[in-house]
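What follows is a set of notes on a single structure, which appears directly below.
In this note's numbering, the protein residues as written are 78 to 257.
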């Protein structure tokens, strides 16, 4: 899963694009969803970060309404392990935006490819762990940087590389690594 947002604070900033990519154990994409998102209360919306994600205010005004986009995301995510690069960022926005529109869902178990990469490299402080650097390291090609679908797809591919490095064969084994 990946979100493009108007800023970094889930309490005051908003999602402008979201994407989910479902992969099977072989890394093949079996389903996906992505959309530009129109905020629930446009009068409270402050457009921002366009210089990063390239999504214009006009595109946002024509986007899928937030509630419908979130319902589709929750639906496609059901029975799958929520995975994101820097998952706390995405989970913060998912939970805050869901609460704003009255959706009660909470992700309890997730996989964070950023955290996995850090665990794999251990004491090697020279390795960079941002998505761009990891894609270069593993030879993962992306269509665009800071595009939710491209980043979600790259994260899914990255997960497969990290699982291989850890000798993990099934995603529930990864979830166990993050259990409290």
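Virtual Cβ for every residue (Gly too), placed ideally from N, Cα, C.
Coil, strand or helix - residue i by DSSP
i	result
residue 97	strand
residue 175	helix
residue 109	strand
residue 81	strand
residue 187	strand
residue 132	coil
residue 197	helix
Between the CA atoms of residue j and residue i - distance to the nearest angstrom
i	j	result
residue 81	residue 165	14 Å
residue 93	residue 144	12 Å
residue 98	residue 139	23 Å
residue 195	residue 137	34 Å
residue 263	residue 85	The shown model of the chain, from 78 to 257, leaves out residue 263, and the question about it has no answer.
residue 234	residue 227	11 Å
residue 218	residue 224	13 Å
residue 211	residue 105	19 Å
residue 237	residue 103	8 Å
residue 216	residue 192	19 Å
residue 239	residue 154	21 Å
residue 222	residue 130	8 Å
residue 135	residue 205	35 Å
residue 46	residue 87	No statement about residue 46 is possible, as the shown extent of the chain runs from 78 to 257 and does not include it.
residue 183	residue 133	29 Å
Rounded distance between the beta-carbons of residue j and residue i, thought under 8 Å
i	j	result
residue 79	residue 190	Going by Cβ atoms, the distance from residue 79 to residue 190 rounds to 11 Å, so no, they are not a contact pair.
residue 83	residue 123	6 Å
residue 107	residue 95	No, residue 107 and residue 95 are not in contact; Cβ-Cβ is about 18 Å, not under 8 Å.
residue 242	residue 197	5 Å
residue 147	residue 174	6 Å
Exposure label - residue i; buried when at least 16 CB within 10 Å
i	result
residue 230	buried
residue 21	Outside the shown range of the chain, which is 78 to 257, sits residue 21, and nothing can be said about it.
residue 156	exposed
residue 90	buried
Return the chain-ordered ranges of every alpha helix (DSSP H) run that is complete within the segment 219 to 253 and spans a minimum of 4 residues. 225 to 243
Complete runs of the beta strand (DSSP E) confined to the segment 144 to 173 [at least 3 residues]: 159 to 161
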